[in-house]
Amino acid sequence: MKKFPNNFLWGSATSAYQVEGGIEDNDWAEAARLEKLPEAGKASNHYNLYEKDFDIAKELNQNAHRFSIEWSRIEPEVGIFDQKEIEHYKSVLRALKERGIEPFVTIYHWPLPIWFGDRGGWLASDSDRIFARYVEKLANEFKGLVKYWITINEPLIYASAGFRKGTWPPFQKNFFTFVKVTNQLAVAHRLAYERIKEIDPQAQIGVAKNNIFFEANDNIFNKLAAKIASRFWNDRFLNSIAEHQDFIGLNYYFHKKFGDKKKYEKNDMGWDIYPKGIYKVLKHLNKYGKPIYITENGIPDANDKKRGRFIKDHLKWVHKAIEEGVDVEGYFYWSLIDNYEWDKGFGPRFGLVEVDYSNFKREIRPSAFEYAKMCKNNGME
Ligand code: BGC
Numbered sequence: 011m012k013k014f015p016n017n018f019l020w021g022s023a024t025s026a027y028q029v030e031g032g033i034e035d036n037d038w039a040e041a042a043r044l045e046k047l048p049e050a051g052k053a054s055n056h057y058n059l060y061e062k063d064f065d066i067a068k069e070l071n072q073n074a075h076r077f078s079i080e081w082s083r084i085e086p087e088v089g090i091f092d093q094k095e096i097e098h099y100k101s102v103l104r105a106l107k108e109r110g111i112e113p114f115v116t117i118y119h120w121p122l123p124i125w126f127g128d129r130g131g132w133l134a135s136d137s138d139r140i141f142a143r144y145v146e147k148l149a150n151e152f153k154g155l156v157k158y159w160i161t162i163n164e165p166l167i168y169a170s171a172g173f174r175k176g177t178w179p180p181f182q183k184n185f186f187t188f189v190k191v192t193n194q195l196a197v198a199h200r201l202a203y204e205r206i207k208e209i210d211p212q213a214q215i216g217v218a219k220n221n222i223f224f225e226a227n228d229n230i231f232n233k234l235a236a237k238i239a240s241r242f243w244n245d246r247f248l249n250s251i252a253e254h255q256d257f258i259g260l261n262y263y264f265h266k267k268f269g270d271k272k273k274y275e276k277n278d279m280g281w282d283i284y285p286k287g288i289y290k291v292l293k294h295l296n297k298y299g300k301p302i303y304i305t306e307n308g309i310p311d312a313n314d315k316k317r318g319r320f321i322k323d324h325l326k327w328v329h330k331a332i333e334e335g336v337d338v339e340g341y342f343y344w345s346l347i348d349n350y351e352w353d354k355g356f357g358p359r360f361g362l363v364e365v366d367y368s369n370f371k372r373e374i375r376p377s378a379f380e381y382a383k384m385c386k387n388n389g390m391e
């Protein structure tokens, strides 16, 4: 039996726009109305069914859950906060606590209130302060209910799709703007970190960072390319917030080998399945000397043929990293339930739990029970 450390957190993750449904006032909903993106509509109706979903998480032996708060619900107009929505998320947090599930709360998982975009989005010079005011509100309201905060989900993925590739709002294509936004997100994170700590010194704060395992064949130029890519993609943002994080959240999905033509097993979205990469990125993150939570790792796999093995294989490599001294303290599978996969819509199925979008019925997939066994045993055979 490969045992994980005592108090290891076993969970799964979601984000507001992807699962809640009924969100109208953010830039993604607006882009959907303009037919630039698929509609999220009622999504997985988690806004209404969260208790049921948390019952399932509990039944699956999970003791932690990561979810995000929808900014446009909390602050529908600039500087105006909606107490009813704040109460909603308090109920969500209580529902988790009642089930013995530790919440990890993401403050910003991509969609933005329309008013925020109208005043320049992340390119406005005061965007960090506008964000920090929202964060301050959350920290005051949820003090005592939340210990773990994730300020920003995957800053580089967001900035790259929104400002470099132009596939997500605000649909810009400029490398320098992408870098600028990335820098501004780091500024916003640092300010948010300070505000939360002033209100609740016990709070543990980090970001969820998508890191990629870059490697190369023997070619010296490929080796250099891998090094530069890793510095830029993996290290740059984390270095800039090194003094402002209590833990590192790692989202692991990708590897890239420069100069490699080998074919790898694929998931439903055509991404390579490469479990060893999670070990490599964990080892790389060890240099920060902070606890690490794997805040996302998952697979779109509609017929559930690969998910069980995917989770086990990744966790084997996580275990090896822990054995070698990396301080990994939790793992969140992405995702608890099927959801809206951004510009790809509802096609990809990441859930441990299948959602029938015609009636929002939930059905636990067989792989979820395999994961549940690991959660229960705090390890695996
Ligand atoms: C994101 C999730 C997304 C998942 C699968 C991560 O980049 O944080 O929102 O659904 O990957 O693409």
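Add 10 to a position in the sequence shown, counting from 1, and you land on the number used in my numbering. Glycine included, each C-beta is placed from N, C-alpha and C at the ideal position.
Residue environment, residue i, which counts as buried when at least 16 other CB atoms sit within 10 Å
| i | result |
| --- | --- |
| Asn220 | buried |
| Phe186 | exposed |
| Ile309 | buried |
| Gly354 | Residue identity differs from the one stated: residue 354 is Lys in this sequence, not Gly. It is exposed - the Cβ of Lys354 has fewer than 16 other Cβ atoms within 10 Å. |
| Arg241 | exposed |
| Leu148 | buried |
| Tyr350 | buried |
| Asp138 | buried |
| Gly361 | buried |
| Tyr284 | buried |
| Asp136 | exposed |
| Gln194 | buried |
| Met384 | buried |
| Ile321 | buried |
| Ile230 | exposed |
| Tyr263 | buried |
| Pro211 | exposed |
| Glu275 | exposed |
| Lys271 | exposed |
| Gln93 | exposed |
Continuous alpha helix (DSSP H) stretch holding residue i: start and end
| i | result |
| --- | --- |
| Glu30 | Run containing Glu30: none; DSSP gives neither H nor E here. |
| Arg246 | Arg246 to Ser250 |
| Trp344 | Here Trp344 belongs to no alpha helix (DSSP H); instead the beta strand (DSSP E) covers Val338 to Trp344. |
| Phe324 | It should be pointed out that residue 324 corresponds to His in this sequence rather than to Phe. His324 -> alpha helix (DSSP H) spans Arg317 to Glu333. |
| Pro113 | Per DSSP, Pro113 belongs to no alpha helix (DSSP H); it is in the beta strand (DSSP E), Glu112 to Tyr118. |
| Trp81 | Trp81 to Ile84 |
| His199 | Phe185 to Ile209 |
| Phe268 | Run containing Phe268: none in the alpha helix (DSSP H); it sits in the beta strand (DSSP E), His265 to Phe268. |
| Ala239 | Ile230 to Ser240 |
| His56 | His56 to Glu69 |
| His254 | Taken as a continuous stretch (DSSP letters only), His254 belongs to no alpha helix (DSSP H), as it is neither H nor E. |
| Asp37 | Asp37 to Arg43 |
| Arg109 | Careful: Arg109 lies outside any alpha helix (DSSP H) and carries neither H nor E. |
Near the ligand BGC: residue i beta-carbon under 7 Å from a heavy atom
| i | result |
| --- | --- |
| Glu164 | yes |
| Tyr118 | no |
| Trp344 | yes |
| Glu146 | no |
| Ile167 | yes |
| Glu306 | yes |
| Glu351 | yes |
| Phe360 | yes |
| Asn261 | yes |
| Asn193 | no |
| Gln182 | no |
| Ser25 | yes |
| Asn220 | yes |
| Gln28 | yes |
Range of the contiguous beta strand (DSSP E) that encloses residue i
| i | result |
| --- | --- |
| Arg174 | First-last for Arg174: undefined, no H or E at that position. |
| Ala74 | Ala74 to Ser78 |
Cβ of residue i within 8 Å of any chain B Cβ
| i | result |
| --- | --- |
| Ser345 | Absent here is chain B; the protein component of the structure consists of one chain. |
Counterpart residues of residue i in DSSP-defined beta bridges
| i | result |
| --- | --- |
| Leu260 | Lys219 and Ile304 |
| Glu364 | Glu373 |
| Tyr158 | Phe114 and Gln214 |
| Trp20 | Tyr341 |
| Ala226 | Phe268 |
| Pro358 | Answer is none; Pro358 lacks a bridge partner. |
| Pro310 | Beta-bridge pairing links Pro310 to no other residue. |
| Asn296 | BP columns for Asn296 are empty, so no partner. |
| Ile167 | Ile167 is not bridged to any residue. |
| Ile347 | Val363 |
| Pro48 | Answer is none; Pro48 lacks a bridge partner. |
| Met390 | Lys12 |
| Ile90 | Glu87 |
| Asp282 | Lys276 |
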